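Heads up: the sequence lines are chains U and S, in that order. If you count the first sequence from 1, you need to add 92 to reach the working numbering. If you count the second sequence from 1, you need to add 49 to reach the working numbering. Where a beta carbon is used, it is the ideal one built from N, C-alpha and C, also for glycine. Treat the numbers as computed from the prediction; the structure is a model and nothing was measured.
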Amino acid sequence: MKLKRFLLRYFPPGIILEYEQGGSVKTKSVDLLDLQPGTPVDAVVDEITRKEPLITASKTDQVRKLIIRLQEKLNQRDDHHFYLFKVLRAHILPLTNVAFNKSGSSFITGSYDRTCKIWDTASGEELHTLEGHRNVVYAIAFNNPYGDKVATGSFDKTCKLWSADTGKCYHTYRGHISEIVCLSFNPQSSMIATGSMDTTAKLWDVETGVEVSTLSGHSAEIISLSFNNYGDELITGSFDHTVSIWDVRTGKRIHTLIGHKAEISSAQFSWDCKLVATGSMDRTCKIWDAATGRCIGTLRGHDDEVLDVAFDYTGTHLLSASADGTARCYDTVSHNVISTLQGHEGEISKIAFNPQGTTVLSASSDKTARLWDPDTGACKQILEGHTDEVFSCAFNYEGNTIITGSKDNTCRIWR
Amino acid sequence: MGLLALLRKLKSTQEKDLRILLLGLDNAGKTTLLKFLASEEITNVAPTQGFNIKTVQSAGFRLNVWDIGGQRKIRPYWKNYFENTDILLYVIDSADRKRFEETGMELQELLEEDKLHGVPLLVFANKQDLLNSAPASDIAEGLNLLKIRDRPWQIQAASALTGEGIKDGMEWVIKTVKKK
Chain U
93 MKLKRFLLRY
103 FPPGIILEYE
113 QGGSVKTKSV
123 DLLDLQPGTP
133 VDAVVDEITR
143 KEPLITASKT
153 DQVRKLIIRL
163 QEKLNQRDDH
173 HFYLFKVLRA
183 HILPLTNVAF
193 NKSGSSFITG
203 SYDRTCKIWD
213 TASGEELHTL
223 EGHRNVVYAI
233 AFNNPYGDKV
243 ATGSFDKTCK
253 LWSADTGKCY
263 HTYRGHISEI
273 VCLSFNPQSS
283 MIATGSMDTT
293 AKLWDVETGV
303 EVSTLSGHSA
313 EIISLSFNNY
323 GDELITGSFD
333 HTVSIWDVRT
343 GKRIHTLIGH
353 KAEISSAQFS
363 WDCKLVATGS
373 MDRTCKIWDA
383 ATGRCIGTLR
393 GHDDEVLDVA
403 FDYTGTHLLS
413 ASADGTARCY
423 DTVSHNVIST
433 LQGHEGEISK
443 IAFNPQGTTV
453 LSASSDKTAR
463 LWDPDTGACK
473 QILEGHTDEV
483 FSCAFNYEGN
493 TIITGSKDNT
503 CRIWR
Chain S
50 MGLLALLRKL
60 KSTQEKDLRI
70 LLLGLDNAGK
80 TTLLKFLASE
90 EITNVAPTQG
100 FNIKTVQSAG
110 FRLNVWDIGG
120 QRKIRPYWKN
130 YFENTDILLY
140 VIDSADRKRF
150 EETGMELQEL
160 LEEDKLHGVP
170 LLVFANKQDL
180 LNSAPASDIA
190 EGLNLLKIRD
200 RPWQIQAASA
210 LTGEGIKDGM
220 EWVIKTVKKK
């Protein structure tokens with residue numbers, strides 16, 4: 093094993109080691125999720141050197157410099173004020189979901205008008221219209237971090253794979269017998285998972301266009317799914333009140349997370365894959381141990397259904413968005429509420445942290461998206477202008493651009 | 050009314066799915082019955098290796114009918130299909146009197162299955178179009194249907210070839226499910 097070079101990862105903080113082994117180049121990451129601006133650098137360097145055989149004494153100076161750079165990044169003040177950059181008359185019918193590619197240079201919008209469009213973020217120019225679905229395009233995704241492909245899931249029961257560069261359709265995946273409402277690429281971008289109202293999830297091969305396996309076991313609609321960071325496990329959240337963790341390789345169910353008393357609205361892995369967070373119509377969130385499938389905490393406080401949940405990159409904070417018009421930020425270790433985000437005049441349907449974990453973005457039926465301080469719960473900014481409900485919102489990886497998608501058929505870029 | 054509410058609306062307008070398991074000895078007429086339900090041509094029905102599934106719309110329900118082959122060597126696999134069954138349809142060749150005992154034993158075993166506990170049973174006394182067929186009442190007696198207490202059941206004289214009695218049977222299925 094020979095170390096070739098270091099790559100820096102800002103969010104979440106980490107150092108990627110590129111090394112040679114048996115003639116091929118491999119990478120592994122040293123995750124520094126606990127790194128703070130005030131953490132003593134020497135202690136961190138010592139720990140890495142002790143645990144990581146690739147880091148020899150001659151490399152410690154370099155590692156020290158990288159850690160200082162990460163700390164500088166963490167220390168950057170977050171006083172970015174967003175202004176409306178562009179209104180895109182994106183579609184002729186309401187938008188469904190929106191998503192950025194990794195660099196944030198382009199993004200995609202899905203719509204009731206049966207298309208998905210690819211946009212250039214800097215110019216607001218439409219790059220491609222992906223046409224071919226025969227019903228609402230509901231679930232969309234880039235194959236991040238690569239960003240050269242787009243997957244679309246539709247109420248027409250099919251999923252399509254497209255080239256992000258040319259807009260050409262590579263494959264149409266058929267097999268679900270009801271609407272596809274959620275999908276995701278695995279991190280390696282070799283597979284797509286789709287979740288459907290037909291109660292199953294399916295795994296599809298990106299290269300060949302064939303079905304790899306069907307994950308059956310839920311007794312009601314699957315409305316949320318995501319891969320863990322390694323791509324070897326998948327979670328599915330269902331209207332049957334349960335969440336399942338699946339082994340991607342075998343297609344077998346590893347755990348069923350039972351405990352919620354109503355439909356699941358969202359299920360997410362933490363970045364380090366140790367925790368699973370779920371939101372439910374039963375007005376609670378739950379935190380689960382991903383390895384054992386045991387519930388380790390129930391987060392109460394909302395007066396109405398929980399519609400979305402989101403971790404920050406370090407997995408120390410969890411957000412919940414509710415139909416009661418508030419969002420909450422919880423500590424995932426103590427399970428205490430850190431802050432309550434009050435101000436929206438309608439239900440909050442989507443919630444997300446910026447990659448730095450310093451700002452919260454929420455989308456609401458009150459036609460606004462808002463930015464919040466997760467520590468104090470103070471509203472930093474109101475993104476106003478949409479003339480109908482905001483269904484979806486997203487930060488780019490840098491955290492300096494926001495897109496919002498609305499029922500008013502437009503998409504807005506905020507910078 | 051976020052996106053999730055749209056999905057819930059979508060769900061509530063959807064027809065209810067019913068899972069119907071179609072079992073019986075080989076040559077009882079299960080596949081012919083399935084084809085009749087799906088309004089398909091009934092010529093040249095070959096013995097079923099494995100299974101057939103068809104979805105039929107009826108009275109606001111979507112009937113997913115699973116027709117599992119009835120040959121002796123396939124019967125051990127029946128149990129793989131028991132889960133989530135809403136209705137058990139058991140088909141009998143009313144003219145094949147020398148196999149009444151065999152079909153009765155198979156049915157008895159099905160009724161003792163945990164996974165089929167309480168699942169309503171409809172017996173189709175099939176092939177009533179043949180002259181030497183036994184009347185449904187004789188078959189009910191022979192199969193000890195009258196002793197079934199743990200589930201709703203019904204026997205229906207039918208012919209999958211002519212369609213006689215099938216509509217009546219399916220009406221009983223819908224009525225029984227609505228009661229649940």
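{"Asked": "Spatially closest choice to residue 69 (chain S) from S:144, S:220, S:135, S:188, by CA coordinates", "Found": "S:135"}
{"Asked": "Amino acids of chain S, ordered along the chain, whose beta-carbon sits closer than 8 Å to that of residue 229 (chain U)", "Found": "Chain S residues near residue 229 (chain U): none, gap ~12 Å exceeds 8 Å."}
{"Asked": "Short Cβ contact (7 Å threshold) for residue 164 (chain S) with residue 131 (chain S)", "Found": "yes"}
{"Asked": "Of the listed residues U:325, U:291, U:357, U:266, nearest to residue 280 (chain U) (C-alpha basis)", "Found": "U:325"}
{"Asked": "Where residue 285 (chain U) sits in the DSSP three-state scheme", "Found": "strand"}
{"Asked": "Residue 263 (chain U) and residue 291 (chain U) closer than 7 Å at C-beta", "Found": "no"}
{"Asked": "Start and end residues, alpha helix (DSSP H) containing residue 79 (chain S)", "Found": "79 to 86"}
{"Asked": "According to DSSP, residues forming a beta bridge with residue 202 (chain S)", "Found": "S:170"}
{"Asked": "Residues of its chain near residue 169 (chain S), where Cβ-Cβ distance is below 6 Å and the 5 sequence neighbours each way are ignored", "Found": "136, 200, 201, 225"}
{"Asked": "Per DSSP, cross-strand counterpart(s) of residue 325 (chain U)", "Found": "U:339"}
{"Asked": "Per DSSP, the bridge partner or partners of residue 111 (chain U)", "Found": "U:95, U:118"}
{"Asked": "Residue-chain proximity (residue 147 (chain S), chain U), Cβ-Cβ < 7 Å", "Found": "no"}
{"Asked": "C-beta neighbour in chain S for residue 443 (chain U), strict 7 Å", "Found": "no"}
{"Asked": "Whole-number beta carbon distance between residue 185 (chain S) and residue 204 (chain S), since they are thought to touch under 8 Å", "Found": "5 Å"}
{"Asked": "Beta carbon of residue 317 (chain U) nearer than 7 Å to that of residue 334 (chain U)", "Found": "no"}
{"Asked": "Residue burial classification, residue 219 (chain S) (beta-carbon count within 10 angstroms, cutoff 16)", "Found": "buried"}
{"Asked": "Proximity test, Cβ basis, 7 Å: residue 315 (chain U) and chain S", "Found": "yes"}
{"Asked": "Close-in-space but distant-in-sequence residues of the same chain around residue 496 (chain U) (CB under 6 Å, 5 per side omitted)", "Found": "461, 482, 485, 504"}
{"Asked": "Selection from U:330, U:443, U:425, U:153 that minimises the alpha carbon distance to residue 389 (chain U)", "Found": "U:425"}
{"Asked": "Residue 156 (chain S) at chain U interface by Cβ criterion, 7 Å", "Found": "no"}
{"Asked": "Reduced DSSP secondary structure (H/G/I, E/B, other) of residue 129 (chain S)", "Found": "helix"}
{"Asked": "Against chain S: residues of the stretch 188 to 203 of chain U by CB proximity under 7 Å", "Found": "188"}
{"Asked": "Chain-ordered residues of the stretch 393 to 412 of chain U with a beta carbon less than 7 Å from chain S", "Found": "399"}
{"Asked": "Residues near residue 380 (chain U) in its chain [Cβ-Cβ closer than 6 Å; skip 5 each side]", "Found": "349, 368, 387"}
{"Asked": "Where residue 184 (chain U) falls, given that 16 or more other Cβ within 10 Å makes a residue buried", "Found": "exposed"}
{"Asked": "CA-to-CA distance, residue 73 (chain S) to residue 195 (chain S), given in whole angstroms", "Found": "19 Å"}
{"Asked": "Stretch pair the stretch 433 to 441 of chain U + the stretch 407 to 415 of chain U: three plus CB contacts closer than 8 Å", "Found": "yes"}
{"Asked": "Test item: CB-CB of residue 82 (chain S) and residue 209 (chain S) under 7 Å", "Found": "yes"}
{"Asked": "Three-state secondary structure assigned by DSSP to residue 221 (chain S)", "Found": "helix"}
{"Asked": "Check whether residue 206 (chain S) and residue 214 (chain S) have beta carbons under 7 Å apart", "Found": "yes"}
{"Asked": "Cβ of residue 215 (chain U) within 7 Å of any chain S Cβ", "Found": "no"}
{"Asked": "Beta-carbon spacing of residue 319 (chain U), residue 278 (chain U) below 7 Å", "Found": "yes"}
{"Asked": "Close-in-space but distant-in-sequence residues of the same chain around residue 346 (chain U) (CB under 6 Å, 5 per side omitted)", "Found": "337, 339"}
{"Asked": "Residue 58 (chain S) at chain U interface by Cβ criterion, 7 Å", "Found": "no"}
{"Asked": "Cutoff 7 Å: residue 51 (chain S) Cβ touching any chain U Cβ", "Found": "yes"}
{"Asked": "Through-space distance from residue 244 (chain U) to residue 231 (chain U), alpha-carbon basis", "Found": "6 Å"}
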